[in-house]
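Residue numbers (my numbering), protein chains in the order written: chain A, 1 to 474; chain U, 1001 to 1225; chain F, 2001 to 2110.
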Amino acid sequence: MQGNRLYEGQKLALKYFMVAIVLFGAQLLFGLVAAIQFLYPNFLFNILDFSIARILHINALVVWLLYAMIGAVYWLLPDEAGIEVVGVKLGNLAFYILTAAVAVVVLVYLFIQIGPGKESTIWFITEGREYIEAPRWADIGIVAVVLVFLYNVYATVMKGKHTGILVVLMADLIALAGLYLAGMFYTDNIAVDQYWWWWVVHLWVEATWEVYVAAVGGYILIKTLNANRKVVEMWLWIEVAMMFGSGILGLGHHYFWIGTPEYWWEIGALFSALEPVPLVGLFVHVLYDWGKERGKGNNIKNTPAFAWLTVETFGNFLGAGVWGFMHTLPQINLYTHGTQWPAAHGHLAFFGAYVAILIGAIYLAIQGKAGLKEMRMTKASWWAITLITVGVLIMSVSLTISAYVQTMVERGQYGGTWEGYFIAQANQWFVQGMGWRLFSGLAVVVGYGFLVYDLLTIDKKQPAEVREGAVAAA
Amino acid sequence: MENRPSVWSSNRFWRRSATWVTGVASVLLVFLTFDSMGQMKMGTAADIKNKVDKRIPSPLVINYKIDYKLNKTRGHEIPIIGGMDANGYSKYEEKEKFFGKDNWSEKEAKALIHKGKLTIQAKNCMDCHTLLGNGAYYAPDLTKAWLDPTWETLASAYGGKEYAIAKFLENPPAMAMHERKMPNLGITKEEAKAVVAYLKFMSAIDTNGFPRNFGKIKGAVDARK
Amino acid sequence: MEYYIQDIPSSHFLPIFVVSALVILFGMAYAGFFTVVKLKLVKRYFMVFAYLSWLILVGCIYYLGELLKVEPYTQKVLIGAMFGYLVFPHVVYFLLEKVHNRFESESNQI
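Below is the structure:
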């Protein structure tokens, strides 16, 4: 009886969320393997070499975030538009095709791993390009599935209500999907290769994904805090202007050293200085809302989702803002490019900007599925959020220490040679950083355990008054 | 007047502003991309003959001696192909034998580079190493691997550094230099040769001075005041 | 010869990383103090801390520029960042006031 209240699109969203959480687990598992190998290089040598563990680590990350993003859209789409998702059957079919394809790709990564130096390897085994290693056949499959998804979104919005959140999402999703095409070709020219590769990677994570998060974040604020829709939607446009204004040409900070013209130094430096703009804007906005709502007795309708949204604000600011600005200007990037610096920055920024909010969206869906008017944090929610957040924070700090050693020793003292590289890697401080990284990684894994347990049981663990409210509402 | 909301709280105004900002940024990016693509086109045999410096040189550079030297005008190191002239630029004259010959034709060199790049992708090199500084950080950067002093020291024992690197690639654990060793990736003799060609070609790409002070072992930064 | 990128002695790496982190942190402190004072959550004189944070930020950016030995173009970018930080929270706050006053008074009327 409970399930009947949900739209079919929302049921599809739950499927996407389920796979997302499973892949999140896979990401952590392979990350752990890679972290162990930094300290004990013989661990799984010749069975699951570092390169394979890392491919699985970063690909699982990208794919689970995309799953959760698609899921969140399917969740809010019928709710916002006020009608069932158009073409939801097709959407279901696309879900199973995509999941089967992901499974095949993962199995090929795991068991075939590499191929001969021929075009056929690029088509069927791996493209060997960080983050988008998926072979070409899978690329084409992904595009087909995404087209179905886009059709569902567009057709539903055309038929139902055009809310501001949906309009922003529609524009953003088409850009997000289109950018993937920039990564789907082969060239012998490695500089040109990396130039377009960054179009996909940067324009996803520092432009279109950011705007996506702003839109979904707006929806969560309306749902958890009863935020004023008109304010949220107008502010969303201001954020789009700030994010795309600073993010699109922010691409320049990846074009300092890959065979690109020197003018990217100037462009990269200018837009790196502009990148804190949306962060400061968001910060003032959050404080403002908090200050205005204080004392109004506005109950938070879903405390775990709201807690993750709070983690998002600070994580994004620290990961993207502080850790980004530390090594973004070309003068210093010359010595940090190609070291652990981007790893330190990447771990915290991906977590802060995307993982946190998507987990929040999943909690929102759990609440909707159970039909609860209000959902409160449990002990497990608390442990999950604490262990994962603190774990990732310590991880980034440890990686920063290792990165600093690498910059000093390998790049500063030894001029970036192989000898310098290995001397830096053996440096006590570097190794210590890696050790703490592994330790904090274990904390994150334990936190993940709490998270899964909580997602499965939180609806049954709500206090009596919350549950009674639900019965009364039904 | 009271009823007319200010432009600052107008949804329409901000929607238009967002669209304009995004549009202008995108158009600028597209324009810059066209310009960059022009400058990043791979060089040709004619460029080598006419001594034209290209950011990404012709694959024919495998026939030449490659170096990485400080250029006074640009203020950082640049690749020097076939010897350096008085102004600190490439002369494209000094040849160097690569696997026994220094007269690889443009067609042969292109085929070698093609196979090398495919192998680099097929073996997931980028998921341990960095290339042009991008990739994983588990193994050394390959941008200037061809010029790395490690291979200079091994060159004589193998009859040239290209042979040493190729031998290493065919079975890395046999020549392991560190505890963190490269696995055997089943790289064939032909593939190894192609990868070495790619590494030599890549070391001639103009990376705006990255990596800084390359090869100046011990006190690299502080050595030059 | 004015080069875009100068050699940086390795002893300057640590201050560079610390100072650039401080730029963002004090930027946040400035925006934070500014907003809570404007919202009247704390006494007015706390605004002193806001502008003090901004002054420290200016110092940090100046020091960063010195450490990085930046050339005239990046100098201008950094000076722009100093004043951008000063103005930006004012702009955001102004817009928030406008938006909230308009839409929230509307919803109150209903």
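Note that beta-carbon positions come from the ideal geometry of N, C-alpha and C, so glycine has one too.
Requested in this report: Taking a Cβ distance cut-off of 8 Å, strictly less, list which residues of the region 2068–2090 of chain F are near chain A, in chain order.
Outcome: Leu2068, Lys2069, Val2070, Tyr2073, Thr2074, Val2077, Leu2078, Gly2080, Ala2081, Gly2084, Tyr2085, Phe2088, Pro2089
**Report entry** Per-residue contacts from Val2099 (chain F) into chain U (C-beta, under 8 Å)
**Finding:** Taking the third sequence and counting its residues from 1, one reaches residue 2099 (chain F) at position 99. Under the 8 Å cutoff, chain U gives Trp1008, Ser1009.
Query - Candidates A:Tyr363, A:Asp139, A:Leu225, A:Gly281: closest to Val2091 (chain F) by CA position - result: Locating residue 2091 (chain F) in the third sequence gives position 91, counting from the first residue. Out of A:Tyr363, A:Asp139, A:Leu225, A:Gly281, A:Gly281 has the C-alpha closest to the C-alpha of Val2091 (chain F).
Query - Cβ contact check for the region 18–31 of chain A and the region 1156–1171 of chain U: 3 or more pairs under 8 Å - result: no
Report task. Flag Leu1131 (chain U) as yes if its beta-carbon sits less than 9 Å from any beta-carbon of chain A, otherwise no. Result -> One-based indexing of the second sequence puts residue 1131 (chain U) at position 131. For Leu1131 (chain U), the answer is yes, since a Cβ of chain A falls inside 9 Å of its Cβ.
Requested in this report: If I'm right that Ser402 (chain A) touches Met434 (chain A) with Cβ under 8 Å, what's the distance once you round it to whole angstroms?
Outcome: Position 402 of the first sequence, counted from the first residue, corresponds to residue 402 (chain A). Position 434 of the first sequence, counted from the first residue, corresponds to residue 434 (chain A). Sure, about 6 Å apart at Cβ, within 8 Å.
**Report entry** Beta carbon of Ile971 (chain U) nearer than 9 Å to that of Val1195 (chain U)
**Finding:** Given that chain U is displayed from residue 1001 to residue 1225, the structure contains no residue 971 (chain U) and the question cannot be resolved.
Query - Proximity winner among U:Ser1058, U:His1076, U:Ala1139, U:Met1202, relative to Lys1107 (chain U) (alpha-carbon distances) - result: As a first step, residue 1107 (chain U) is located in the second sequence; it is residue number 107 there, counting from the start. Among U:Ser1058, U:His1076, U:Ala1139, U:Met1202, the Cα nearest to that of Lys1107 (chain U) is on U:Ser1058.
Requested in this report: Give the range of the beta strand (DSSP E) segment to which Glu419 (chain A) is assigned.
Outcome: As a first step, residue 419 (chain A) is located in the first sequence; it is residue number 419 there, counting from the start. No beta strand (DSSP E) holds Glu419 (chain A); the alpha helix (DSSP H) holding it covers 418–426.
Query raised in the report: Taking the alpha helix (DSSP H) that Asp1035 (chain U) falls in, what are its first and last residues?
Result: Here residue 1035 (chain U) is taken as the residue at index 35 of the second sequence, counted from 1. Its alpha helix (DSSP H) spans residues 1011–1039.
**Report entry** Element boundaries [beta strand (DSSP E), containing Lys1069 (chain U)]
**Finding:** As a first step, residue 1069 (chain U) must be located in the second sequence, where it is residue number 69. 1066–1071 is the span of the beta strand (DSSP E), which, as asked, contains Lys1069 (chain U).
Report task. Step through the CB atoms of chain A and report whether any lies within less than 9 Å of the CB of Val1195 (chain U). Result -> As a position in the second sequence, residue 1195 (chain U) is number 195, starting the count at 1. At least one chain A Cβ lies under 9 Å of Val1195 (chain U).
Query - Pairwise C-alpha distance: Gly420 (chain A) and Ala1223 (chain U) - result: Working through the second sequence from its first residue, we reach residue 1223 (chain U) at position 223. Working through the first sequence from its first residue, we reach residue 420 (chain A) at position 420. Reliability of the predicted coordinates at Ala1223 (chain U) is poor, the pLDDT of 45 falling under 50, and the value obtained from them is presented with this limitation in mind. So the alpha carbons of these two residues sit roughly 16 Å apart.
Query raised in the report: With a cut-off of 9 Å, does the C-beta of Tyr2093 (chain F) fall near any C-beta of chain U?
Result: For the purposes of this step, residue 2093 (chain F) is identified with residue 93 of the third sequence, where counting begins at 1. Chain U, which has no Cβ nearer than 9 Å to the Cβ of Tyr2093 (chain F), makes this no.
Query raised in the report: For Thr336 (chain A), which residues from the same chain have a beta carbon less than 6 Å from its beta carbon, with the 5 sequence-adjacent residues on both sides left out?
Result: As a working mapping, residue 336 (chain A) is identified with position 336 in the first sequence. Hits under 6 Å: His327, Thr407.
Requested in this report: Just tell me which of A:Trp123, A:Ala305, A:Ile385, A:Val452 has its CA closest to the CA of Ile476 (chain A).
Outcome: Residue numbering for chain A in the displayed model covers 1 to 474; residue 476 (chain A) lies beyond these limits and cannot be assessed.
Requested in this report: Locate the alpha helix (DSSP H) running through His202 (chain A), then write down its first and last residues.
Outcome: Taking the first residue of the first sequence as position 1, residue 202 (chain A) is located at position 202. Element bounds for His202 (chain A): 190–203.
Query raised in the report: Applying a beta-carbon distance threshold of less than 9 Å, which residues of chain U neighbour Lys118 (chain A)?
Result: What you label residue 118 (chain A) is simply residue 118 of the first sequence in a count that begins at 1. By Cβ distance, chain U contributes Lys1115, Leu1118, Thr1119, Ala1122.
Requested in this report: Classify His285 (chain A) as helix, strand or coil using the three-state DSSP reduction.
Outcome: The count along the first sequence starts at 1 and reaches residue 285 (chain A) at position 285. His285 (chain A) falls in the helix class under three-state DSSP.
Report task. Mind checking the region 1072–1095 of chain U against chain F and listing, in chain order, the residues whose C-beta falls within less than 7 Å of any C-beta there? Result -> Gly1075, His1076
Query raised in the report: Assuming Leu364 (chain A) and Lys223 (chain A) make a contact with CB atoms under 8 Å, what is their CB distance in whole Å?
Result: For the purposes of this step, residue 364 (chain A) is taken as the residue at position 364 of the first sequence. For the purposes of this step, residue 223 (chain A) is taken as the residue at position 223 of the first sequence. The pair is a contact, with the Cβ atoms about 6 Å apart (cut-off 8 Å).
Query - Chain-ordered neighbours of Trp257 (chain A) on chain U, where CB pairs are closer than 7 Å - result: In the first sequence, counting from the first residue as 1, residue 257 (chain A) sits at position 257. By Cβ distance, chain U contributes Leu1132, Gly1133, Thr1207, Asn1208, Phe1210.
Query raised in the report: For Asn1134 (chain U), which residues does DSSP report across the bridge?
Result: Position 134 of the second sequence, counting from 1, holds the residue named residue 1134 (chain U). Per DSSP, U:Leu1131.
Query - N- and C-terminal bounds of the alpha helix (DSSP H) containing His347 (chain A) - result: Taking the first sequence and counting its residues from 1, the one referred to as residue 347 (chain A) is at position 347. Note, His347 (chain A): alpha helix (DSSP H), 341–350.
Query raised in the report: Is the CB of Gln2103 (chain F) under 9 Å away from at least one CB in chain U?
Result: Here residue 2103 (chain F) refers to the residue found at position 103 of the third sequence. Here residue 2103 (chain F) is Phe; the residue named in the question, Gln, does not match the sequence. Closer than 9 Å: yes.
Report task. May I ask you to verify whether the region 2053–2073 of chain F touches the region 307–327 of chain A, counting CB pairs closer than 8 Å and requiring at least 3? Result -> no
Report task. Grab me the residues of Ala474 (chain A)'s own chain with a C-beta within less than 7 Å of its C-beta, minus the 5 sequence neighbours each way, in chain order. Result -> Within the first sequence, numbered from 1, the residue matching residue 474 (chain A) stands at position 474. For Ala474 (chain A), the pLDDT reaches just 47, beneath the cut-off of 50, and the residue's location in the model is therefore unreliable, leaving the point undetermined.
Query raised in the report: Looking only at its own chain, which residues have a Cβ that is under 8 Å from the Cβ of Pro2089 (chain F), when we skip the five neighbours before and after it?
Result: Along the third sequence, read from residue 1 onward, the residue named residue 2089 (chain F) stands at position 89. Excluding residues within five positions, the ones whose Cβ falls inside 8 Å are Tyr2030, Ala2031, Phe2034, Thr2035.
**Report entry** Proximal residues of chain A, C-beta to C-beta of Ala2021 (chain F) below 9 Å
**Finding:** Within the third sequence, residue 2021 (chain F) is the residue found at index 21, counting from 1. What Ala2021 (chain F) touches in chain A: Val322, Trp323, Phe325, Met326.
Requested in this report: Compile a chain-ordered list of the residues in the region 43–69 of chain A whose CB is closer than 7 Å to at least one CB of chain U.
Outcome: Phe45, Asn46, Asp49, Phe50, Ser51, Arg54, Ile55
Query raised in the report: Using a Cβ-Cβ distance under 9 Å, would Lys1218 (chain U) count as near chain A?
Result: Looking up residue 1218 (chain U) in the second sequence gives position 218. Model confidence at Lys1218 (chain U) stands at a pLDDT of 49, short of 50, so the residue's coordinates are unreliable; what they give is reported in the following sentence. Output row for Lys1218 (chain U): interface = yes.
Report task. Starting from the beta carbon of Leu287 (chain A), find every residue of chain F whose beta carbon is closer than 7 Å, and list them in chain order. Result -> Translated into the one-based positions of the first sequence, residue 287 (chain A) becomes position 287. Here the neighbours are Gly2032, Thr2035, Val2036.
Requested in this report: Would you kindly report the start and end of the unbroken alpha helix (DSSP H) that includes His57 (chain A)?
Outcome: Indexing the first sequence from 1 puts residue 57 (chain A) at position 57. First-last of the alpha helix (DSSP H) with His57 (chain A): 50–81.
Requested in this report: Would you check whether the ligand HEM has a heavy atom nearer than 8 Å to the C-beta of Phe1034 (chain U)?
Outcome: Absence of the ligand HEM is noted for the structure shown, with no ligands found whatsoever.
Query raised in the report: Are the CB atoms of Met1202 (chain U) and Leu1132 (chain U) nearer to each other than 9 Å?
Result: Position 202 of the second sequence, counted from the first residue, corresponds to residue 1202 (chain U). Position 132 of the second sequence, counted from the first residue, corresponds to residue 1132 (chain U). Closer than 9 Å, so yes.
**Report entry** Alpha-carbon spacing of Tyr195 (chain A) relative to Met1040 (chain U), whole angstroms
**Finding:** As a position in the first sequence, residue 195 (chain A) is number 195, starting the count at 1. As a position in the second sequence, residue 1040 (chain U) is number 40, starting the count at 1. When rounded, the distance between both Cα atoms is 10 Å.
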